[in-house]
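Asks:
2 protein chains.
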Amino acid sequence: MFELLKTDSTSAARLGRLTTTRGVIDTPVFMPVGTQGSVKALDPRELDEMSTKIILGNTYHLHIRPGMDIIGEAGGLHKFINWTKPILTDSGGFQVFSLAKIRKIKAHGVEFRSHLDGSLLFLGPKESMSIQRQLGSDIAMVFDDCPPHTATAREVRGAVDRTIRWAAECREQPRAPGQLVFGIVQGGSHAAMREECAKELIKLKFDGYAIGGVSVGEPEPEMMKAVEYTTPHLPADQPRYAMGLGTPAQLVELVARGVDMFDCVLPTRVARNGTAFTHKGTISIKGGAYKRDWGPIEEACTCFACQRFTRAYIRHLLNVNEILGLRMVSVHNSHMYLKVMEDIRTNIRNGTFGEFRREFIANYVPSRKVLAARKSAAEVGEDDVR
Amino acid sequence: MFELLKTDSTSAARLGRLTTTRGVIDTPVFMPVGTQGSVKALDPRELDEMSTKIILGNTYHLHIRPGMDIIGEAGGLHKFINWTKPILTDSGGFQVFSLAKIRKIKAHGVEFRSHLDGSLLFLGPKESMSIQRQLGSDIAMVFDDCPPHTATAREVRGAVDRTIRWAAECREQPRAPGQLVFGIVQGGSHAAMREECAKELIKLKFDGYAIGGVSVGEPEPEMMKAVEYTTPHLPADQPRYAMGLGTPAQLVELVARGVDMFDCVLPTRVARNGTAFTHKGTISIKGGAYKRDWGPIEEACTCFACQRFTRAYIRHLLNVNEILGLRMVSVHNSHMYLKVMEDIRTNIRNGTFGEFRREFIANYVPSRKVLAARKSAAEVGEDDVR
Numbered sequence: 232m233f234e235l236l237k238t239d240s241t242s243a244a245r246l247g248r249l250t251t252t253r254g255v256i257d258t259p260v261f262m263p264v265g266t267q268g269s270v271k272a273l274d275p276r277e278l279d280e281m282s283t284k285i286i287l288g289n290t291y292h293l294h295i296r297p298g299m300d301i302i303g304e305a306g307g308l309h310k311f312i313n314w315t316k317p318i319l320t321d322s323g324g325f326q327v328f329s330l331a332k333i334r335k336i337k338a339h340g341v342e343f344r345s346h347l348d349g350s351l352l353f354l355g356p357k358e359s360m361s362i363q364r365q366l367g368s369d370i371a372m373v374f375d376d377c378p379p380h381t382a383t384a385r386e387v388r389g390a391v392d393r394t395i396r397w398a399a400e401c402r403e404q405p406r407a408p409g410q411l412v413f414g415i416v417q418g419g420s421h422a423a424m425r426e427e428c429a430k431e432l433i434k435l436k437f438d439g440y441a442i443g444g445v446s447v448g449e450p451e452p453e454m455m456k457a458v459e460y461t462t463p464h465l466p467a468d469q470p471r472y473a474m475g476l477g478t479p480a481q482l483v484e485l486v487a488r489g490v491d492m493f494d495c496v497l498p499t500r501v502a503r504n505g506t507a508f509t510h511k512g513t514i515s516i517k518g519g520a521y522k523r524d525w526g527p528i529e530e531a532c533t534c535f536a537c538q539r540f541t542r543a544y545i546r547h548l549l550n551v552n553e554i555l556g557l558r559m560v561s562v563h564n565s566h567m568y569l570k571v572m573e574d575i576r577t578n579i580r581n582g583t584f585g586e587f588r589r590e591f592i593a594n595y596v597p598s599r600k601v602l603a604a605r606k607s608a609a610e611v612g613e614d615d616v617r
Numbered sequence: 232m233f234e235l236l237k238t239d240s241t242s243a244a245r246l247g248r249l250t251t252t253r254g255v256i257d258t259p260v261f262m263p264v265g266t267q268g269s270v271k272a273l274d275p276r277e278l279d280e281m282s283t284k285i286i287l288g289n290t291y292h293l294h295i296r297p298g299m300d301i302i303g304e305a306g307g308l309h310k311f312i313n314w315t316k317p318i319l320t321d322s323g324g325f326q327v328f329s330l331a332k333i334r335k336i337k338a339h340g341v342e343f344r345s346h347l348d349g350s351l352l353f354l355g356p357k358e359s360m361s362i363q364r365q366l367g368s369d370i371a372m373v374f375d376d377c378p379p380h381t382a383t384a385r386e387v388r389g390a391v392d393r394t395i396r397w398a399a400e401c402r403e404q405p406r407a408p409g410q411l412v413f414g415i416v417q418g419g420s421h422a423a424m425r426e427e428c429a430k431e432l433i434k435l436k437f438d439g440y441a442i443g444g445v446s447v448g449e450p451e452p453e454m455m456k457a458v459e460y461t462t463p464h465l466p467a468d469q470p471r472y473a474m475g476l477g478t479p480a481q482l483v484e485l486v487a488r489g490v491d492m493f494d495c496v497l498p499t500r501v502a503r504n505g506t507a508f509t510h511k512g513t514i515s516i517k518g519g520a521y522k523r524d525w526g527p528i529e530e531a532c533t534c535f536a537c538q539r540f541t542r543a544y545i546r547h548l549l550n551v552n553e554i555l556g557l558r559m560v561s562v563h564n565s566h567m568y569l570k571v572m573e574d575i576r577t578n579i580r581n582g583t584f585g586e587f588r589r590e591f592i593a594n595y596v597p598s599r600k601v602l603a604a605r606k607s608a609a610e611v612g613e614d615d616v617r
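As you go down the protein sequences, you meet chains A and B in turn. First residue of the first sequence? That's 232 in our numbering, and the numbers climb one at a time after it. First residue of the second sequence? That's 232 in our numbering, and the numbers climb one at a time after it.
(1) Against chain A, does B:Trp-563 count as a neighbour if the rule is that its beta carbon must be under 7 Å from one of theirs?
(2) How many Å lie between B:Lys-522 and B:Arg-488 at the Cα?
(3) Would a C-beta distance cut-off of 7 Å place B:Gly-409 and B:Thr-252 closer than the cut-off?
(4) Taking A:Val-264 as part of the beta strand (DSSP E), name the residues at either end of that continuous run.
(5) Are the stretch 467-481 of chain A and the stretch 388-407 of chain A touching, with three or more C-beta to C-beta distances below 8 Å?
(6) Under a Cβ-count criterion, where at least 16 other Cβ atoms within 10 Å of its own Cβ denotes burial, should B:Thr-320 be classed as buried or exposed?
(7) Exposed or buried, which one is A:Arg-617 when buried takes at least 16 other CB atoms within 10 Å?
(8) Who are the neighbours of B:Lys-271 on chain A, taking C-beta pairs under 9 Å?
(9) Check this for me: beta carbons of B:Met-232 and B:Thr-250, under 7 Å apart or not?
(10) Check B:Met-650 in the structure and name its three-state DSSP category.
(11) Let me make sure I understand the geometry here. Which of B:Glu-529, B:Trp-525, B:Val-601 has the alpha-carbon closest to that of A:Phe-311?
(12) Quick one: list the residues of chain B neighbouring A:Ile-312, beta-carbon separation under 7 Å, in chain order.
(13) Buried or exposed for B:Val-501, going by 16 or more other Cβ atoms inside 10 Å?
(14) Under 7 Å between C-beta atoms, does A:Leu-497 make it to chain B?
(15) Could you pull the DSSP bridge partners for B:Gly-526 from this structure?
(16) Applying the 10 Å Cβ sphere with the 16-neighbour rule, what's the burial state of B:Gln-538?
(17) Hey, out of B:Ile-295, B:Asp-274, B:Gly-247, B:Gly-324, whose CA is closest to B:Thr-394's CA?
(18) In chain order, what residues of the stretch 321-339 of chain A put their CB closer than 8 Å to some CB of chain B?
(19) Report the rounded CA-to-CA distance for B:Glu-342 versus A:Thr-499, giving the unit in angstroms.
(20) What runs of the beta strand (DSSP E), each 3 residues or longer, lie entirely inside the stretch 494-527 of chain B?
(21) Along the beta strand (DSSP E) that carries B:Asp-257, what are the first and last residues, could you check?
(22) Which of the three DSSP states, helix, strand or coil, is assigned to A:Glu-449?
(23) Considering only their Cβ atoms, is the gap separating A:Phe-437 from A:Val-412 smaller than 7 Å?
(24) Assign B:Ala-441 to one of three DSSP states: helix, strand, or coil.
(25) Assuming A:Gly-265 and A:Gly-288 form a contact by the criterion Cβ under 8 Å, report the distance between their Cβ atoms to the nearest whole angstrom.
(26) Quick check on the burial criterion: 16 or more other C-beta atoms within 10 angstroms. Buried or exposed for B:His-292?
(27) Of the residues B:Arg-276, B:Leu-366, B:Lys-284, B:Ile-442, which one's Cα is nearest the Cα of B:His-294?
(28) Counting only beta-carbon separations shorter than 7 Å, does B:Gln-267 have a partner in chain A?
(29) Sort B:Asn-552, B:Leu-557, B:Val-551, B:Glu-553 by Cα distance to B:Ile-528 and report the nearest one.
(30) What's the C-alpha gap between B:Phe-584 and B:Asp-239?
(31) Per the contact definition of three or more C-beta pairs closer than 8 Å, is the stretch 273-287 of chain A in contact with the stretch 561-573 of chain A?
(32) Is it a yes or a no for the stretch 443-463 of chain A touching the stretch 377-396 of chain A, going by three-plus beta-carbon pairs under 8 Å?
(33) With 16 other CB atoms within 10 Å as the buried threshold, where does A:Glu-356 fall?
(34) So is B:Leu-548 in contact with chain A if we call contact Cβ pairs under 7 Å?
(35) Are B:Phe-493 and B:Ala-473 close, meaning C-beta to C-beta below 7 Å?
(36) For B:Thr-381, list the residues DSSP reports as bridge partners.
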């Protein structure tokens, strides 16, 4: 199922290959986020053209709209959205604990009110796995308790216990044919709890392990710590997935810490505000500086947008609210994320990842605004729904 | 420049071929509207795939944003938006008389305030032609006085006189290389004024003639009258363009009255509200009726959207505000308009236009809501900018 092809000599970076029934995924991999059954502003052809190998869907959102009766009748999520490659579905845990306003944690799940119409809903290990089975995703995630960054050690303790107990319940649920199930390690920035959670989950023998409880509003050093406290305890021969992260520079650093899989709403979310990712950091294309800039968003970029349009034109489109503007920045940003992962794979393969990492981080100037966008998104659990 | 290939035996419908420096256009033709330099929600590849031969741009809007200094520096509108096929530019007359709030009509143009920032601007024959020359459009329109549907006969009289005088001024202005210039016939629903305006414009020897003062809020019968009062007075060997019209059924009827060229914001405007055009009329895809509809927007349609997605999925996308939803309806609607024109051309060529027209009108159930959308758009001069 997962083949570890190579480990970098200068870091914990890994080159791997994850085989699912719907396709082989070279890792490290970035998975564009299609929360509600569509990667925001993009169509499947555009995703194909940027070599997308797997996308995300979300149990909580798809369960609420359009609902499982409709997706079931369509023959599953792949058929409903007409995407034949792999899909990973998040369990809904993150959303229940952040987006749903009123909730009551019970032994076997969470009672909450829909963020849309206030209707009373219940989601737990059994329900989440059942929905993910009906969605027919290639990789399902366990239903976990994902506390906010501000949780006390006592609260994190409770979340870890619940996460382990619920993971065991998830493990027993039936799956869709060929469906892989990943456990999610919680434990905040507490080394001992991260280790314990990882070890308990490993006993349950999942197909892969995710680092959860990151991208919940924490500052970058704590996020890195949470990952560093977790990866050493995960099996080398299984895939590792850091949930909801991050900026391109963070992805490079997380790969160096042994992470194989990523998803993040940033590339499409900030695109809708006119912010583009480049290898030097982000640029706000709406700015006056690009008024007469006849170059592409990023030189040497091979994406659809950069092959066709100038910054000056895209700036105009954004400023007059033409949809093509945000479409093209979404294309560029998603393509850029996927290209960074491709470059990472090439450099691990060639034994040059250490050099690549050094240069990438030296060139990339992080933006406070972008980090704040990720933070605020996480805090309200938006998950790219707006 | 224009070749009249065939005239239908059962109506005034004509098959023609308009040659511009940037390409040959088979007529009757529909021209998607790219008011601000982008056909709303579509990219140039999508336009190519639906066999778009010519698009529109707008002098008023492009002059305000991004401004002619920027488009000039880009090397003209084609280069700015990266569209190599023909572009027709409207003169700005329609917008000045509908969108700009405060205006003073002077001898050589109109003083008005920008609808955006209130800045004082002046547009007349000289200015409009100069802007269109800088835009480098393949077909420029004269700067006309376009009164609203509610104008009195006296007001229409004044608009006709001014339109003729300004047309003469436009005629004397320098042009971009190869640029064609079309006159615009005004006269409301007054037969004598329409005839007079047409005859005076013909004396000025334009490359084509448009029927203006339609799509200004008038009911369909008056619109048809305005056209019927005009086309018989236009030269048979030159192209005729009905501005801002209409529904697919209206296009078929207008072709039958001898019109060769059309533009209309309807296909993309109503798409953004989830309304799709079919050969049977419009459908509101958001409706519950399509919740479990696993067919395409329209059976047998070959557009990108119908080849890939079901009504149920597009309905879901529209209901959760995913951009892909309005994108796909925009693709379908624009494709449908272009396909109707292709079918019209085929049937005129084959001598079966009379039959085609009868069947088309019998199948197509007009929607009051859609007609109202056109009316309200015209009344506020929106021209698809929202």
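By construction, the Cβ of each residue, glycine as well, lies at the ideal position given by its N, Cα and C atoms. All figures in this text were calculated on a predicted structure; none of them were measured in a lab.
Replies: In brief:
(1) It should be noted that the sequence gives His, not Trp, for residue 563 of chain B. Closer than 7 Å: no.
(2) 40 Å
(3) yes
(4) It is not in any beta strand (DSSP E) - A:Val-264 carries neither H nor E in the DSSP assignment.
(5) No: the two stretches stay apart, fewer than three of their Cβ pairs being nearer than 8 Å.
(6) Result: buried.
(7) The pLDDT assigned to A:Arg-617 is 49, lower than 50, so where the model puts this residue is not dependable; a value taken from the coordinates is nonetheless given after this. Its Cβ having fewer than 16 others within 10 Å, A:Arg-617 is exposed.
(8) By Cβ distance, chain A contributes Glu-553, Ile-554, Leu-555.
(9) yes
(10) Examination of residue 650 of chain B is not possible in this model, given that chain B is present from 232 through 617 alone.
(11) B:Trp-525
(12) Tyr-544
(13) buried
(14) no
(15) Bridge partners of B:Gly-526: none, in fact.
(16) exposed
(17) Checked all of B:Ile-295, B:Asp-274, B:Gly-247, B:Gly-324; the closest Cα to B:Thr-394 is B:Gly-324.
(18) From the stretch 321-339 of chain A, no residue has a Cβ closer than 8 Å to chain B.
(19) Taking the straight line from one Cα to the other gives about 42 Å.
(20) 506-509, 512-515
(21) 254-258
(22) Here A:Glu-449 sits in coil by DSSP.
(23) Cβ atoms of A:Val-412 and A:Phe-437: closer than 7 Å.
(24) B:Ala-441: strand per DSSP, three-state reduction.
(25) Rounded, the Cβ-Cβ distance is 6 Å, consistent with contact.
(26) buried
(27) Distance from the Cα of B:His-294 is smallest, within the candidate group B:Arg-276, B:Leu-366, B:Lys-284, B:Ile-442, for B:Leu-366.
(28) yes
(29) B:Leu-557
(30) 7 Å
(31) Segments in contact, yes.
(32) Proximity of the stretch 443-463 of chain A to the stretch 377-396 of chain A meets the contact definition, three or more beta-carbon pairs being nearer than 8 Å.
(33) The sequence as given places Pro at residue 356 of chain A; Glu does not occur at that position. Result: buried.
(34) yes
(35) yes
(36) Looking at the DSSP assignment, B:Thr-381 forms no beta bridge with any residue, so it has no partner.
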